[in-house]
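Trainee:
Residue numbers (the numbering used here): 0 to 195.
1) I need the DSSP call for residue 50, collapsed to helix, strand or coil.
2) Where do the N-terminal and C-terminal ends of the alpha helix (DSSP H) with residue 125 fall, by residue?
3) Which residues in the same chain as residue 48 place their Cβ atom closer than 6 angstroms to its Cβ, once the five residues preceding and following it in sequence are excluded?
4) What residue from 6, 21, 30 and 111 has the CA that sits closest to residue 91's CA?
5) Ignore the nearest five residues each way along the sequence and tell me which others in residue 4's own chain have a CB closer than 6 angstroms to its CB.
6) Taking 6 angstroms as the limit between beta carbons, can you name the residues of its chain near residue 125, skipping five residues before and five after?
7) Counting only the same chain and skipping the five closest in sequence on each side, list residues whose C-beta sits under 6 angstroms from that of residue 128.
8) Name the DSSP beta bridge partners of residue 31, please?
9) On the three-state DSSP scale, how would you describe residue 107?
10) Suppose the cutoff is 8 angstroms on Cβ atoms and the five residues either side in sequence are ignored; what does the same chain contact list for residue 103 look like?
11) Report buried or exposed for residue 96, applying the criterion of at least 16 other Cβ atoms within 10 angstroms of its Cβ.
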């Protein structure tokens, strides 16, 4: 039985690599991508939609039968967003908006890229936002919910992210309280369901 996939965040490092995997997966008859800008990619099973995540509506998602997988790899940095509030809008509110609309449309499985150490009670703003997002997505009641919690995500990016260069340095130089080793994006992709 084939399923449909919905991917938000395909223009980022993890989402871009996940898109390639989804398009190669014969279990998906359609892969819908919600993106802020055109992908510049064509594929017979790809339905790419340019959307404004802040104003996302139900009719921005494809119509179709109940059942489907949602993958969300939306994310930014406080520096790129310009403020903590703008960061929260992307990493929490946009993610929850996508998840909620997809659930209302009948999606039954969701996988979201979060962060190691995510928790609503965290003293670190970044981790608190990720924890708040996880709590809201969980409350939507998907039959299957997965959160992937990498530490630094290493790989070639279009934009430099200050501080991520530290992720490639040898482990002995990391502070002993650091939450985990850097994770290559391939590890995140291999961990992601659906599994054969």
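All C-beta atoms in this analysis are idealised placements derived from N, C-alpha and C, irrespective of residue type, glycine included.
Mentor: Taking the definition as stated:
1) The answer is coil: DSSP assigns residue 50 none of H, G, I, E or B.
2) Taken as a continuous stretch (DSSP letters only), the alpha helix (DSSP H) holding residue 125 covers 124-137.
3) Excluding sequence neighbours, residue 48 sits near 33.
4) Closest option to residue 91, judged by alpha-carbon separation, among 6, 21, 30 and 111: 111.
5) Counting only Cβ-Cβ distances below 6 angstroms, and skipping sequence neighbours, we find 21, 27, 30 and 68.
6) Excluding sequence neighbours, residue 125 sits near nothing in its chain.
7) Cβ neighbours of residue 128 beyond the five flanking positions: 87, 90 and 91.
8) In the DSSP output, where bridge partners are listed per residue, residue 31 has 5 and 46.
9) For residue 107, the secondary structure class from DSSP, reduced to helix, strand or coil, is coil.
10) Cβ neighbours of residue 103 beyond the five flanking positions: 57.
11) Label assigned to residue 96: buried.
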